[in-house]
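Undergrad: The structure's right below; bear with me while I get my questions together.
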Amino acid sequence: MTAIPRTAARNDRERTIRAGWMIGLGILLLILPRLIYPVLALDILAWGLFAVAFDLLFGFSGLLSFGHAAFWGGSAYVTAYLLSNGQSVPVAMLGGTLSALVLAVPIAYLSVRSAGIYFSMITLAFAQMVYFVALQWTDVTGGENGLQGFDRPSLFGLDFSDSVTRYYFCLAVFALGFYIAYRTVRSPFGQAQQAVRDNEQRAQSIGYNPVRFKFTAFLISAGLAGLAGSMYTFGHGVVSLDVTKWTTSGEVVMMTLLGGTTTLFGPAVGAGLVLLLRDQLTTSSLPVGIVTGLVFVVTVLFFRSGVVGTVQGWLRRR
Amino acid sequence: MNTQLLLIQVFNGLVNGAFYALLSLGLAVIFGMLRIVNFMHGALYMLGAFAAFALGQAFGLGFWPALILAPLIVGALGMVLERTLLSRLYGLEPSYNLLLTFGLTLLTQDLVKQVMLSQFAVSSAPYTTPDILTGVVNLGFVVFPKYRLFVIALTLVICLVTWFVIEKTRVGAIIRASTENPSVTRAFGIDVSKWVTGVFGVGVGLAGLAGVLAAPIYSVEPYMGAELIITTFAVVVIGGLGSIMGSIVTGFAVGVLAAVGAAIYPPIANTLVFILMAFVLLVRPSGLFGLPEGTR
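Right under this line is the structure:
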């Protein structure tokens, strides 16, 4: 990468652009359940955090995981299981998130030593293993039927049977998750992580252990994906086998690319766009796969910086 | 467990292994030349089966003509895709081509689903085994369906021919040279990009062939390639993308191991391949036949 001298004016400008995005999107998220039906808004929050978590690994570590459905789906199941066994909402969501972290330890350990396409294939294969476990362990996961009809007990007078209440509760969780992602990227750890991504040999020669950075980034990413998965269960009230399927792993990649990788909140924007598109498609006669496949292909071929990346580039040049 | 059952499982494992071998062989050939992993391989396998089915419905062509034509159709389609789409991304990270082929997979699956529903009014269709291959063979110690034996035998022949062409002939020398060092090969007056297209065509043609062979066993269905390709990826990780022979041997070996394991402890049937992969990653991260990272 060529070094660009960052002048004070340039930094100011960057800050203004970022602040503009944050305020705009923040307001949009606050009024979202008034614009679209609340369950769709809840989906956008959950998938949005999922995509942000995925990009911590893809954008900021350069590792394309094709198996993030394992953490999202694993957590979704554990959360549902805990809720159906009478646990409170925070305990269930925390349990889901922790289970994603625990699951990530062996998967990360075995995969981060491989690079590039190998890493993608290994993560995809492990996620498929989780899928088969979910399919066969019917006592816990409900197999093909999934889990449904579990309680979401009220908390501090918040009635979670109301979807708008659920939305604002999840918005708080989303903000927390996003803040963790933001702090990670901005921290010295995040800077070193990106140094490893850009030039592994050089990072190693100045004393960073690349494997350890990738491993840690993987865990943070998987943990946040787990938090997102628990939000999805909580918001939706049902868990189906789809949450661990390979298409889910692919979908989060598409959301991230479409929104704009390494822009931090771009993936959440991408998630919103994909879900709104899918919502439109359910009422049309067009098969979902044809449209999403086409969007995917076009994004990869012609639109790799994504919506947010493109707009930001345009704002900077102006 | 009795020997009879074990032997049947070994044969069933060889059948599964035949498909793993054909698919991972194609993936290995493509990876060697293009340095990309073709996610679409499973969808092209499905297209092979679908082409056989559609040729039968539209023109009344049977299994044998389809066995020749379907792989050619799939190979030609692959070459068009390589020229028009994949080649646009060669200068970038190989991951982008994985993503592109993933998108194409979603597209292809649902397009075929649409066509099957609108043209043939079915969502999945059985495909009849050719007459001379119906029935069973009594091997003395075990009775086994004729068609499955044919699949194992034909796959072995195709795999060995591919290996021979790549390792022992002039064509193979050009392919290996283009793999090793494309710019020097170009300096010798060989148009590497044409060879890339050709090799991609042959690689996906093998997937198409596997699809035709699978049709009488599993019946034709738009998503038949999706799970198979993921399992094949695990097989590829186990074997390593290093050698042609490696992918053939690993394909058959994993098929047999998984089938025997499934007979011993049924709940493990679907996950055994992935457990094997985890184990191999632990002891030999670059795969059984793969070269260590950095030497590629």
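Residue numbers (my numbering), protein chains in the order written: chain A, 289 to 606; chain B, 996 to 1291.
Here a beta-carbon is modelled for each residue, glycine too, at the ideal position from N, C-alpha and C.
Every value quoted in this text rests on a predicted model; they were computed, and no experiment measured them.
1. DSSP beta-bridge partners for Leu443 of chain A?
2. Where do the N-terminal and C-terminal ends of the alpha helix (DSSP H) with Phe1058 of chain B fall, by residue?
3. What does the Cβ neighbour count give for Lys533 of chain A, buried or exposed, with the cut at 16 atoms within 10 Å?
4. Ala1120 of chain B bridges to which residues according to DSSP?
5. Measuring straight from C-alpha to C-alpha, what distance separates Ile1212 of chain B and Val1107 of chain B?
6. Rounded to a whole number of angstroms, what is the C-alpha to C-alpha distance between Ala357 of chain A and Gln416 of chain A?
7. For Gly1203 of chain B, which residues in chain A fall below 7 Å Cβ to Cβ?
8. Considering only the beta carbon of each residue, do Ile1270 of chain B and Ala1023 of chain B sit closer than 8 Å?
9. I need the straight-line Cα distance from Leu313 of chain A to Phe553 of chain A, nearest angstrom please.
10. Check distances from the C-beta atoms of the segment 570-586 of chain A to those of chain B and list, in chain order, the residues that come in under 9 Å.
11. If we define contact as Cβ-Cβ less than 8 Å, is Ala239 of chain A a contact residue for chain B?
12. In chain B, what lies closer than 8 Å to Gly558 of chain A by C-beta?
13. Would you identify the three-state DSSP class for Phe1136 of chain B, choosing helix, strand or coil?
14. Would you call Thr472 of chain A buried or exposed, if buried means 16 or more other Cβ atoms sit within 10 Å of its Cβ?
15. Ignoring anything shorter than 4 residues or poking outside the segment 449-508 of chain A, list the alpha helix (DSSP H) runs there in chain order.
16. Are the C-beta of Tyr1260 of chain B and some C-beta of chain A separated by less than 8 Å?
17. Which residues, taken in chain order from the segment 1085-1106 of chain B, show a beta carbon closer than 7 Å to some beta carbon of chain A?
18. Once you ignore the five residues that flank Thr550 of chain A on each side, which residues in its own chain have a CB closer than 6 Å to its CB?
19. The ligand HEM and Phe359 of chain A: does the residue's C-beta get closer than 7 Å to at least one heavy atom of that ligand?
20. Return the CA-CA distance between Phe591 of chain A and Gly547 of chain A, expressed in angstroms with no decimal places.
21. If we define contact as Cβ-Cβ less than 8 Å, is Tyr325 of chain A a contact residue for chain B?
22. Which residues, taken in chain order from the segment 413-440 of chain A, show a beta carbon closer than 8 Å to some beta carbon of chain C?
23. Against chain A, which members of the segment 1255-1286 of chain B pass a CB distance test of less than 7 Å?
24. Under the three-state reduction of DSSP, which class applies to Gln375 of chain A: helix, strand or coil?
25. Evaluate Phe1136 of chain B with the Cβ neighbour count: other Cβ atoms within 10 Å of its Cβ, from every protein chain shown; 16 or more gives buried, anything less gives exposed.
26. Using a C-beta cutoff of 8 Å, does Gly538 of chain A count as contacting chain B?
27. Can you name, in chain order, every residue of its own chain whose Cβ lies under 6 Å from the Cβ of Ala291 of chain A, other than the five neighbours on each side?
28. Counting Cβ pairs, one atom from each stretch, are 3 or more of them under 8 Å apart for the segment 1020-1038 of chain B and the segment 579-588 of chain A?
29. Can you give me the C-alpha to C-alpha distance between Asn497 of chain A and Val1232 of chain B, rounded to a whole angstrom?
30. Quick one: list the residues of chain A neighbouring Arg1083 of chain B, beta-carbon separation under 7 Å, in chain order.
31. Mind listing, in chain order, the continuous alpha helix (DSSP H) runs of no fewer than 4 residues lying wholly within the segment 1149-1205 of chain B?
32. How close, in whole Å, do the beta carbons of Ile405 of chain A and Ser1090 of chain B come, if the pair is a contact with beta carbons under 8 Å?
33. Mind reading off the beta-carbon distance from Phe1034 of chain B to Leu1093 of chain B? Whole number of angstroms is fine, and I expect it under 8 Å.
34. Check distances from the C-beta atoms of the segment 1054-1084 of chain B to those of chain A and list, in chain order, the residues that come in under 9 Å.
35. So for Val340 of chain A, helix, strand or coil by DSSP?
36. Taking a cut of 7 Å between CB atoms, which residues from the segment 345-368 of chain A lie near chain B?
TA: In this structure, then:
1. BP columns for Leu443 of chain A point to A:Leu446.
2. Where Phe1058 of chain B is concerned, the enclosing alpha helix (DSSP H) stretches over Phe1058 to Thr1079.
3. buried
4. Bridge partners of Ala1120 of chain B: B:Val1215.
5. 19 Å
6. 9 Å
7. Per Cβ cutoff of 7 Å: no residues; Gly1203 of chain B is ~20 Å from chain A at best.
8. no
9. 9 Å
10. Hits within the stretch, in order: Pro575, Val576, Gly577, Ile578, Val579, Thr580, Gly581, Leu582, Val583, Phe584, Val585 and Val586.
11. Residue 239 of chain A lies beyond the stretch modelled for chain A, which goes from 289 to 606, so this question has no answer here.
12. Within 8 Å Cβ-Cβ: nothing; Gly558 of chain A doesn't reach chain B, min ~13 Å.
13. In this structure, Phe1136 of chain B counts as coil in the three-state DSSP scheme.
14. buried
15. 451-474, 476-486 and 488-493
16. no
17. Pro1089, Ser1090, Tyr1091, Leu1093, Leu1094, Leu1095, Phe1097, Gly1098, Leu1099, Leu1101, Leu1102, Gln1104, Asp1105 and Leu1106
18. Gly347
19. With respect to the ligand HEM, the structure offers nothing, as it holds no ligand at all.
20. 10 Å
21. no
22. Although the question refers to chain C, the structure presented lacks it and instead comprises the protein chains A and B.
23. Pro1262, Asn1265, Thr1266, Phe1269, Met1272, Ala1273, Leu1276, Leu1277 and Pro1280
24. coil
25. Counting Cβ neighbours within 10 Å, Phe1136 of chain B comes out exposed, since fewer than 16 surround it.
26. yes
27. A caution first: Ala291 of chain A carries a pLDDT of 48, below 50, which makes its placement in the model unreliable, though a value can still be read off. Nothing meets the Cβ criterion.
28. no
29. 24 Å
30. Leu589
31. 1165-1175 and 1177-1182
32. The C-beta distance from Ile405 of chain A to Ser1090 of chain B rounds to 7 Å, short enough to meet the 8 Å contact threshold.
33. 6 Å
34. Leu1080, Arg1083 and Leu1084
35. helix
36. Leu352
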